[in-house]
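Numbering (full-length UniProt numbering), first residue to last: 1 to 118. Using N, Cα and C, we set each Cβ at its ideal position, and we do this for glycine too.
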Amino acid sequence: MSETDRIPADRLPPGRVGRAGNWAVGNRDGKYFAVSRRCRHQLADLSEGSLDADGCLVCPWHQARYDVRTGDMVEGPRGFLGYHGPTPGYTQLVRGYAHFLRLRVRKALRRGDDVVVT
Ligand code: FES
């Protein structure tokens with residue numbers, strides 16, 4: 001673990017996502033998680049994403065959704081490059097390959113005033 005793989009816990013209230021080194025770290029209903037930061041679609045920074053009502057991490061660019069427990073993309077992107085809208089076949093294609101290129105998953109734990117990726 002590097003010293004950069006941590007984030008002050010007060011930046012991660014429930015429902016928030018932040019950056020700790022190469023990890024997107026978040027607070028899902030009081031439980032912390034850490035996944036690798038680069039979206040499997042077009043490499044957006046997932047630490048700038050959000051959590052939806054189901055606790056999935058949503059990519060900030062084309063709204064692909066990830067299960068933060070497994071790193072699997074559970075819903076593909078809605079668009080590509082600068083286009084945002086329906087792309088049914090393409091969406092399924094991306095989701096298909098992302099199933100084999102899941103996000104890396106690590107534990108994130110509270111240690112003192114910080115949340116650290118272990
Ligand atoms: S870069 Fe994440 S959905 Fe497109």
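I'd like to know if the region 40-47 and the region 59-69 are in contact, where contact means that at least 3 CB-CB pairs between them fall below 8 Å. yes
How many whole angstroms separate the CB atoms of Gln92 and Gly76, which I take to be in contact at a CB cut-off of 8 Å? Counting from 1 along the sequence shown, the entry for residue 92 is found at position 92. Counting from 1 along the sequence shown, the entry for residue 76 is found at position 76. Their Cβ separation, rounded to whole angstroms, is 6 Å, which keeps Gln92 and Gly76 in contact under 8 Å.
Considering only the beta carbon of each residue, do residue 119 and Asp5 sit closer than 8 Å? Residue 119 falls outside the range modelled here, since the chain spans only 1 to 118, and no answer is possible.
Is the distance from the Cβ of Ala34 to the Cβ of Lys107 below 8 Å? Here the question's residue 34 lines up with position 34 in the sequence shown. Here the question's residue 107 lines up with position 107 in the sequence shown. In contact: Ala34 and Lys107 (Cβ atoms closer than 8 Å).
According to DSSP, Ser50 sits in a beta bridge with which residue or residues? Walking along the sequence shown from the start, residue 50 turns up at place 50. Beta-bridge pairing links Ser50 to Val58.
Gly26: buried (16+ other C-beta within 10 angstroms of its C-beta) or exposed? For this step, residue 26 is matched to residue 26 along the sequence shown. Looking at its Cβ environment, which holds 16 or more other Cβ atoms inside 10 Å, Gly26 is buried.
Just checking Cys56 against the ligand FES - is the residue's beta carbon closer than 7 Å to any of the ligand's heavy atoms? In the sequence shown, residue 56 corresponds to position 56, counting from 1. Cys56: no, Cβ never under 7 Å from the ligand FES.
Could you check whether the Cβ of His41 sits closer than 8 Å to any Cβ belonging to chain D? Going by chain labels, chain D is absent from the structure shown, which holds only one protein chain.
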